[in-house]
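Take any residue in the sequence shown, note its place counting from 1, add 143, and you have its number in our numbering. In what follows, a single structure is set out as structure tokens and then discussed.
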Amino acid sequence: MWFDISKMQDWWIPAALAGGGLLIGLVLERFVVKRLKTVAARTSWSGDEIILQAIHGMTLLGCALVGLYAAILQLRIDPLHRARASSALLLIAMAAATIALARIAAGLIRLYAGRVQGVLPSTSLLANLGKIAVFVTGALVICDTFGIRITPIVTALGVGGIAVALALQDTLTNLFAGLQIMASRHVNPGDYVRLDEAHEGHVVDISWRHTTLKSLANNIINIPNSKLASGIVTNFHARDMAVSVSVQVTVAHGGDLEAVERVTEEVARDCQMTVPGSVREFQPQVRFQAVADSGITFSVSLQASTFVDQFLLKHELIKRVNRRYREEGIAVATPIRTVIMGEGAHGREE
Numbered sequence: 144m145w146f147d148i149s150k151m152q153d154w155w156i157p158a159a160l161a162g163g164g165l166l167i168g169l170v171l172e173r174f175v176v177k178r179l180k181t182v183a184a185r186t187s188w189s190g191d192e193i194i195l196q197a198i199h200g201m202t203l204l205g206c207a208l209v210g211l212y213a214a215i216l217q218l219r220i221d222p223l224h225r226a227r228a229s230s231a232l233l234l235i236a237m238a239a240a241t242i243a244l245a246r247i248a249a250g251l252i253r254l255y256a257g258r259v260q261g262v263l264p265s266t267s268l269l270a271n272l273g274k275i276a277v278f279v280t281g282a283l284v285i286c287d288t289f290g291i292r293i294t295p296i297v298t299a300l301g302v303g304g305i306a307v308a309l310a311l312q313d314t315l316t317n318l319f320a321g322l323q324i325m326a327s328r329h330v331n332p333g334d335y336v337r338l339d340e341a342h343e344g345h346v347v348d349i350s351w352r353h354t355t356l357k358s359l360a361n362n363i364i365n366i367p368n369s370k371l372a373s374g375i376v377t378n379f380h381a382r383d384m385a386v387s388v389s390v391q392v393t394v395a396h397g398g399d400l401e402a403v404e405r406v407t408e409e410v411a412r413d414c415q416m417t418v419p420g421s422v423r424e425f426q427p428q429v430r431f432q433a434v435a436d437s438g439i440t441f442s443v444s445l446q447a448s449t450f451v452d453q454f455l456l457k458h459e460l461i462k463r464v465n466r467r468y469r470e471e472g473i474a475v476a477t478p479i480r481t482v483i484m485g486e487g488a489h490g491r492e493e
């Protein structure tokens, strides 16, 4: 015959083993893992979903590696080549396991950091540090498994560490500033902060290089961690999220100030009790402040639940005060100026 059956057997059995491992991996990934994800979605613990998401694709890879290893054992090749191929498969398997563990570590850090908010801030920096720790540990284990001495590597890193530190000075500064921000817990994701009276918004994330803010205009602001750590930061959500709201009003001279105070307090109390985002328990206050050229100025003090809620509270107070003043006949102050037109001209008031 034009082909040798005995030689074909040397190849089709390993090929069948490799193909069988790949097929089993596809079946497990397609049906078993997918079914487990459905079951995990119904449980109260979110960790199982994180684990299943982390091993996505790893089941297929693992079965394929097992099939290839079984195929290598069946091949009639030089023992040295077989050992090298087996070592390569082991290296791939250990690298895949390290990646899966890094994904699990990062996911669990995000999960539990979010649950203990205020004790451990939930940021991408913590998750990335967890990944780095797993990758470093995995690299050390791989080096030890393959007999690679770590001491020369550590020595080389120590010698080159100075050059690396100088080259990455800005990056390292922001990294340690981010760690300081998280350790102090003065700024956490979700807080509304203002930096040096220039930038303000909700803290979205603290990464290894910058802190991300989302402004009220829905713009993303990236601030280097070093600037946030050294700048003057106003945190409107620290301890108590409630924000005092002050609205300035000026009424015309000659009005009944007792009536002005009474009407304004009624409107302010109504706003404090009915406007969404206001603190119901707070008692509004009206305090006269100055006698100006155009009228008598006073402030109305209210309290909003959060920094963002103050805008709606001011909006409603101004509308209701204006409507109530018209009903009560209270005149709002308007500037009056006497203009001298020149010799022989009569003065005109505006």
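All residues carry an ideal CB built from backbone N, CA and C; glycine is no exception. Since we're looking at a predicted model, the values are computed, not measured.
Taking the Cβ atoms as the reference, Val434 lies roughly 17 Å from Thr407, outside the contact range of under 8 Å. Taking 4 residues as the minimum length, the alpha helix (DSSP H) runs contained wholly in the region 380–432 are 400–417, in order along the chain. By the Cβ-count criterion, Ile291 is exposed, with fewer than 16 other Cβ atoms from all chains shown falling within 10 Å of its own Cβ. Leaving aside the five residues that flank Ile194 on each side, the residues in its chain whose CB is nearer than 6 Å to its CB run, in chain order, Ile247. Phe450 sits in coil when the DSSP states are folded into three classes, being neither helix nor strand. The beta carbon of Ala474 lies closer than 7 Å to those of Val394, Ala395, Gly398 in the same chain, with the five residues before and after it left out. Only residues of its own chain outside the window of five on either side were considered, and among them none has a CB closer than 6 Å to the CB of Ala184. Only residues of its own chain outside the window of five on either side were considered, and among them Ser421, Pro427, Leu445, Leu456, Glu459, Leu460, Arg463 have a CB closer than 8 Å to the CB of Cys414, listed in chain order.
Counting only runs of 3+ residues, the beta strand (DSSP E) found wholly inside the region 292–373 occupies 335–338, 342–349, 353–357, 363–367, in chain order. According to the DSSP assignment, Thr202 belongs to the alpha helix (DSSP H) that extends over 201–217. At a Cβ-Cβ threshold of 7 Å, Ala161 and Gly205 do not count as neighbours. By the 16-neighbour rule on beta-carbons within 10 angstroms, Thr202 is buried.
Distance from the Cα of Val392 is smallest, within the candidate group Tyr468, Met384, Ala228, Ile364, for Tyr468.
In this structure, Ala231 is the residue among Leu318, Ala231, Leu309 with its C-alpha nearest to the C-alpha of Ile285.
For Val475, there is no enclosing alpha helix (DSSP H), as DSSP gives it neither H nor E. Excluding sequence positions up to five before and after Pro367, its CB lies within less than 6 Å of the CB of Asn317, His353, all in the same chain and listed in chain order.
Distance between Arg382 and His199, taken at the CA atoms: about 41 Å. Each of Pro478, Gln323, Arg337, Val451 was checked against the Cα of Ile375, and the nearest Cα belongs to Arg337.
In the three-state reduction of the DSSP assignment, Thr186 falls in the coil class, being assigned neither a helical nor a strand state. His342 sits away from Ile324, with the two beta carbons spaced by 7 Å or more.
Counting C-beta atoms within 10 angstroms of its own C-beta, Thr241 has 16 or more neighbours from the protein chains shown and is therefore classed as buried. Under the three-state reduction of DSSP, Phe441 is assigned to strand.
Burial state of Ile296 is exposed, judged by a 10 Å Cβ sphere holding fewer than 16 other Cβ atoms.
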